[in-house]
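Engineer:
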Amino acid sequence: MLLYVTLGLLVHFVFFASIFDIYFTSPLVHGMTPQFTPLPPPAKRLVLFVADGLRADKLFELDEDGNSRAPFLRNVIMNEGSWGISHTRVPTESRPGHVAMIAGFYEDVSAVAKGWKENPVEFDSLLNETRYTWSWGSPDILTMFAKDDLGNHIFRHTYDASSEDFGAHDVTKLDTWVFDHVKEFFHAARNNQSLFSKVNEDKIVFFLHLLGIDTNGHAHRPSSREYSDNIKLVDKELKELESTIKDFYGNDGKTAFIFTSDHGMTDWGSHGAGHPLETCTPFIAWGAGIRLPQKVSAQKFDDLYLQEWKLENWKRRDINQADIAPLMAALIGVPFPLNSVGIIPVDILNTSDLFKAESMFTNAVQILEQFKVKMTQKKEATLPFLFTPFKLLSDTKQANLLRKARYYIKQKKYDEAASLCQQLINLALRGLSYYHTYDRFFLAFNVVLGFVGWTSYASLLIIKSHCNLMRGVSTEVKNPSRLLPGTFVAIGVSVAFFLLIQACPWTYYIYCLLPLPIWYAVLREMPVIQGFVTLLSTFPPRRLLGSVSLFILGVEVLVLSFFHRYMLTAGLVAFAAWPFITPLWTRAKSISLSWIFFCLLLAVFPLMPVVGRQPDIFLVVGAGFLVLLLSLFVVTSVIKRKDSFINEELVLHLLQMLSTVSSMCVVYGTHNSLLRKQGLPLLNQIVSWMILASSFIMPLLSPPFLFDRLFSILLSSMSTYLLLSTGYEALFPLVLSCLMFVWIHMEQETLQQSVVSCKQKVSTIQFTCNTDGAQCRDLCLDDVRRAFFLAGILDWVAVLSCPGIEPTSLTSPALAGGFFTTSSTAPCWAYHMSNLYCFIYNYILITRNAPIIIPDTLYTCAVVRVAFRKLSLCTFFLMVVVFFSKLKYLFKCYRRPRHHLFFFQADFNPLCSYVPNLCGFSILITTLLTNGIGSIVFEFLRLCGAVSV
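Letter by letter, the sequence shown follows residues 23 to 971 in this note's numbering.
(1) Judging by CA-CA distance, which residue of Ile735, Tyr460, Cys443, Val689 is the nearest neighbour of threonine 748?
(2) For leucine 442 versus tyrosine 430, is the C-beta distance shorter than 8 angstroms?
(3) Name, in chain order, the residues that DSSP records as bridge partners for isoleucine 16.
(4) In the structure shown, what three-state DSSP assignment does glycine 453 receive?
(5) Looking only at DSSP bridge pairs, what is serine 108 linked to?
(6) From glutamate 402 to asparagine 385, what distance separates their C-alpha atoms?
(7) Run through the DSSP bridge pairs and tell me what serine 90 is partnered with.
(8) Going by alpha carbons, who is nearest to phenylalanine 38 out of Leu624, Arg67, Gly472, Ile661?
(9) By a C-beta neighbour count over all protein chains shown, 10 Å radius and 16 as the cutoff for buried, is proline 93 buried or exposed?
(10) So valine 227 and leucine 68 are supposed to be a Cβ contact under 8 angstroms. How far apart are they, rounded?
(11) Can you list, in chain order, the residues of its chain with a C-beta nearer than 8 angstroms to that of leucine 674? Leave out the 5 residues immediately preceding and following it.
(12) Between lysine 914 and valine 581, what straight-line distance do the alpha-carbon atoms span, to the nearest angstrom?
(13) Looking at the strands, I want to know which residues DSSP matches up with histidine 231.
(14) Does the distance from the C-beta atom of proline 359 to that of serine 147 stay below 8 angstroms?
(15) Which two residues bound the contiguous beta strand (DSSP E) that contains alanine 543?
(16) Could you pull the start and end residues of the alpha helix (DSSP H) that phenylalanine 279 belongs to?
(17) So, are the CB atoms of proline 304 and alanine 78 less than 8 angstroms apart?
(18) Do arginine 243 and aspartate 289 have their C-beta atoms within less than 8 angstroms of each other?
(19) Just to confirm before moving on: does the CB-CB distance between leucine 314 and glutamate 86 stay below 8 angstroms?
(20) What's the call for glycine 53, buried or exposed, on a 16-neighbour Cβ count within 10 Å?
(21) Hey, quick one: how far does the alpha helix (DSSP H) through serine 374 stretch, first residue to last?
(22) Which residue comes first and which comes last in the alpha helix (DSSP H) that contains leucine 705?
(23) Taking DSSP as the reference, what is the three-state secondary structure of phenylalanine 640?
(24) DSSP state of arginine 243, grouped into three classes?
(25) Going by DSSP, name the residue or residues bridged to phenylalanine 46.
(26) Looking at the unbroken alpha helix (DSSP H) that takes in tryptophan 617, where does it start and where does it end?
(27) On the criterion of 16 or more Cβ atoms from any shown chain inside 10 Å, does glycine 286 qualify as buried, or is it exposed?
(28) Compute the Euclidean distance between the alpha carbons of isoleucine 267 and glutamate 248, then round it to the nearest angstrom.
(29) Report the option in Phe281, Asp324, Leu255 whose CA atom is closest to the CA atom of valine 98.
(30) Is glutamate 330 buried or exposed, if buried means 16 or more other CB atoms sit within 10 Å of its CB?
(31) Use the C-beta contact count for asparagine 857: other C-beta atoms within 10 angstroms, 16 or more gives buried, fewer gives exposed.
(32) So does the segment 760 to 773 actually touch the segment 603 to 617, counting three or more Cβ pairs closer than 8 angstroms?
(33) In its own chain, which residues sit with a C-beta less than 6 angstroms from the C-beta of arginine 96, not counting the 5 before and 5 after it?
(34) When you compare the CB of leucine 651 with every CB in chain B, is at least one pair closer than 8 angstroms?
(35) Which two residues bound the contiguous alpha helix (DSSP H) that contains alanine 596?
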C-alpha cells in the first residue's frame with residue numbers, strides 16, 4: 023500500500039505542477055528599447071483618479087429623482103472632455119486592474135504563485151518613466167508601483183492599513199483623507215521652493231487612489247445609500263481639487279485629468295469574475311490634449327446604457343483598460359511602458375493629426391519590440407530545424423509595414439499611417455500569444471500521455487489484485503524480455519538528450535520522462551490486459567453497452583456541471599432514482615424513501631440564488647436551533663444507553679451544544695453590531711476563533727463508534743459553519759448529513775444483499791478497526807458504483823468552487839469526501855466577504871486567495887468503514903483515482919477556446935487540470951488522515967487517559 027500511495031502522490035504532484043509550466047508562465051519579457059512620441063506633448067502633467075470598485079452604471083445613471091450622483095463629472099462629459107466605458111478583464115481585482123491601467127498589460131498569470139498580491143516578474147510602468155510621481159491612497163496599491171524606485175522619484179503617501187475596516191462608522195474617510203492630503207500638498211508647495219520647482223517640472227503624474235467606494239460596496243452593496251453617498255462625496259471633492267490644481271498652475275492649460283476605476287462590482291458586493299457589472303468601469307478624460315465633447319444624433323452599441331443614462335447625444339468612446347497606459351504616456355510625453363499591450367485611443371486626443379500618427383507609430387514599434395524579444399528567446403531555445411516562426415509577421419513584413427507607415431506620415435497621409443500601425447499592432451499581439459504558448463502542445467501531450475498511462479496502470483492493479491475478475495484466465499507472468507526495458511531506456515536517453523541540447527528547464531525532463539516508467543509498468547502487465555479483454559468478451563453485449571453508456575452519461579453530467587449549475591440538480595434527481603433499479607425498494611422501503619426525500623431536498627440548493635441575495639441571519643439562527651433539537655434527541659438516547667462512554671459522551675455533547683449556542687449568539691450579535699456600524703466586537707472575534715480551533719479537537723474525544731464519531735464531527739463542524747454562513751447555506755450541512763446517514767444504511771443493506779458476509783450492525787462499527795486486514799474481499803460491481811458516487815460528487819465540490827459559483831450550494835452525496843465549507847478551494851471571489859465577518863473585518867486581512875477550508879472527514883470515514891468494508895484500502899484509493907483520471911482526461915478534451923471565466927482571455931484548460939488533481943489529492947489525503955493518523959491520535963489520547971474505550 024505504501025508503494026501505491028507514494029507513486030500516486032508523486033504522479034499527481036507532477037501533474038499538478040505541470041499546470042504552472044503550461045498555463046501559468048509569465049508573458050513578460052525584458053530587453054526592449056523604450057519608445058516615446060518624438061513630438062512635444064500636449065500636457066506637462068497628468069492627474070489620475072482611480073475610484074476603486076466604482077461601477078459605470080452607478081456613476082453615469084440618474085437617481086430616482088432624475089438627478090446625477092456626480093453632477094461635476096456629468097458636466098465634464100457634456101462640456102469639457104471625452105467619456106466612455108473602460109472594459110476590464112478577469113480577474114476583476116484591484117492589483118491587476120491598476121497594473122493594466124498604469125503598466126498597460128493584463129494579469130500576469132504567474133502571479134498566482136504570489137497569491138495574486140504582487141508580480142513575481144519585474145515590469146515597467148508609466149510611473150517609472152515619469153520625472154516625478156506623487157501618489158496618495160491605499161498602501162496595497164501604491165507600494166506596488168514604488169517597490170523598486172531606484173531613482174527616488176516616486177513619492178507615496180498612504181494611510182495605515184488598519185483604516186481599511188468594513189465595519190467602520192464612515193469609510194468615506196479613506197477618500198477624504200486622500201483629498202485633504204492632496205490639498206495640503208499643494209498648499210505646502212507654495213511655501214517650499216524645492217517642492218515648488220519639482221511640481222512645476224514637466225512629465226509628472228499625480229495619482230489618487232480612492233478606496234472608499236469599494237469598501238462601502240463590500241460592506242453595504244452597490245445599491246446602498248452609503249455607496250451612492252460616497253460617489254457624491256468623490257464628485258464634490260473632485261470639483262474642489264480640480265479648482266485647486268488649476269489655480270496652483272495659473273490655469274496654464276497644461277494639465278490632463280483622467281478619472282476611471284479598476285473594476286466594478288456585482289449587486290451582491292463582490293468582484294473578481296467576468297460579469298458586465300464587474301468589467302464595465304467608467305472612463306472620463308478632460309484637460310490638456312483631450313478631445314472636447316462631440317454631440318451626435320445616433321450611436322450604435324450592443325448595450326442599452328446610453329438610453330438608460332440619458333447620454334445618447336454625447337459621443338461615447340469605449341476603450342480597453344490597458345489602453346489607458348499608452349494614452350497617459352502620449353499625453354505627457356514619456357516612453358510607453360515596455361510591457362504594455364494597450365493600443366492608444368487616438369480618437370480621444372485633441373492634437374494634430376501628425377501627433378496622432380506618430381503616437382500610433384510609437385505604439386506599434388513598442389509592441390513590436392516585445393514580439394522580437396519573445397521570438398528571439400524562443401528561437402535560441404529551439405533547434406533550427408524544429409523552430410516554426412510566426413508566419414503572419416516575418417522579418418520582411420515587419421520592415422515593409424514600418425517603412426510604409428513612415429512613408430505615409432511623410433506624405434501626410436495620417437489616417438493611412440494609423441491604419442497600417444493598427445494592423446501591425448494586431449499582428450504583433452497575435453505573435454506574442456503564439457510564442458508565449460509555443461511549448462504548450464508539447465508539454466500538454468507529454469502530461470496527457472503520462473496521465474493516461476497512470477490511469478491504465480491503476481486500473482490494471484485493481485484487476486490484478488482481485489482474482490474474481492480474472493477467473494479462468496491465466497495471470498502467470500513470464501520472465502520479461504530484455505527488449506522491452508532496453509527500448510524504454512533508449513527512448514529515455516534520446517528524450518533527455520533532445521531536451522539537453524535545447525537547454526530546456528529541468529521541469530521539462532520530469533514531464534517528458536515520467537511517462538516512460540509508467541508505460542513500462544503497464545506493458546509488463548500484458549497478461550492482465552489480455553485476461554481483462556477475455557473477461558469483457560464474456561459479458562452480454564447489451565449489458566456491457568448499457569454499463570459503459572451509463573458511465574459516460576454520468577461523467578458528462580459531471581463535466582457539464584462545471585458550466586451549468588442545474589446539472590447538479592439533475593444528478594441528484596438521478597441519484598434519487600437509484601433504489602428503484604435495485605432490490606432496496608422492496609427490502610428497505612423506509613430507508614429508500616428517506617434517501618429519495620433527502621436527495622430531492624438537497625437538489626434544491628443549486629437552484630437557489632448565488633449572488634444578489636441579502637443576508638438572512640434568522641435562517642442561520644434557525645439552522646442553529648435545528649442542530650440543538652437534533653442534539654437534544656441524541657443526548658436523550660445517550661442518557662438511556664448504559665455503557666462505559668456515557669459520562670464522557672454526555673459531557674462532550676453538552677460542550678458542543680454550548681459551542682453551537684455561542685455561534686448563534688456571535689452571528690446575531692456581529693450582524694447587529696455591523697448594522698450599527700460599530701465594527702466587529704473583540705469578544706465575538708475571540709469566541710469565533712476559539713470555536714474554530716475547538717472544532718478540530720472535540721471530535722477526537724468522542725467514542726470510536728461510527729455514529730457517535732460522525733455526529734460529534736457534525737456538531738463541531740456546524741458550530742464553525744454557522745459562523746461562516748449568511749443565509750440559507752446554513753441549512754445545507756443538516757440536509758447533507760441526513761442524506762449521508764441514510765446512505766450509510768443504504769450501503770449496509772446493499773452489502774447484506776450481496777454475496778459479501780455483512781452481519782455486523784452499523785452502530786457497532788468502530789473507526790479503530792483495521793480496514794486493510796489480511797482477508798480482503800473481492801471486487802464487485804457495487805464497488806465501482808460506490809467509487810463513482812464518491813469521486814463524482816467530490817468533483818462536484820470542486821466544480822462549485824469555480825469563480826462566480828458559490829460552493830455553499832453543494833448538493834451531493836459525493837460530499838462523501840467530507841468538505842463542509844463555504845468556500846472549499848475557491849478563489850475568494852466565489853463567496854462574499856460577509857462570510858468571514860465573524861472572524862475578520864479588515865480589508866487587508868481578507869486575502870482574496872487564501873480560502874477558508876474546513877475539511878471534515880465525516881463522510882469519507884463512513885464510506886470507507888461501511889461501503890468499502892473488507893475491501894483493500896489501496897484498491898479503494900486506486901478506484902477513486904481512476905475515476906478522477908478519466909474525468910480529467912475528458913475535461914482536457916472538453917475545451918472552450920478563449921473562455922473568460924478564468925483569469926484572462928484563454929482556454930478553460932488550467933481549471934480543467936486543476937480540479938481533478940485537487941480532488942485526487944483531497945480524497946487521498948483525507949482518507950489517509952481518517953484511517954491512519956486519526957486512529958493513531960485516538961490511540962494516543964486513549965493511552966493518555968483523555969478518552970476511554
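The C-beta atom is built at its ideal place from N, Cα and C for all residues, glycine as well.
Structural biologist: Taking the structure as given:
(1) Val689
(2) yes
(3) Residue 16 lies beyond the range of the chain shown here (23 to 971); nothing can be said about it.
(4) helix
(5) Thr303, Ile341
(6) 26 angstroms
(7) Leu84
(8) Gly472
(9) exposed
(10) 5 angstroms
(11) Met720, Leu723, Ser724, Ser734
(12) Only weak support is given to the placement of lysine 914: the predicted model assigns it a pLDDT of 41, under 50, and the question is left unresolved by the model.
(13) Val72
(14) yes
(15) First-last for alanine 543: 537 to 546, but that is the alpha helix (DSSP H), not the beta strand (DSSP E).
(16) Looking at the DSSP string, phenylalanine 279 is not in any alpha helix (DSSP H); the run it does join, the beta strand (DSSP E), is 277 to 282.
(17) yes
(18) yes
(19) no
(20) exposed
(21) Unbroken run through serine 374: none, as it is neither H nor E.
(22) DSSP places leucine 705 in the uninterrupted alpha helix (DSSP H) bounded by 704 to 716.
(23) Taken through DSSP and simplified to helix, strand or coil, phenylalanine 640 comes out as helix.
(24) coil
(25) For phenylalanine 46, which the question treats as bridged, DSSP gives no partner whatsoever.
(26) 611 to 624
(27) buried
(28) 28 angstroms
(29) Phe281
(30) exposed
(31) Under this definition asparagine 857 is a buried residue.
(32) yes
(33) Ser90
(34) In the displayed structure, chain B is absent; only one protein chain is listed.
(35) 588 to 598
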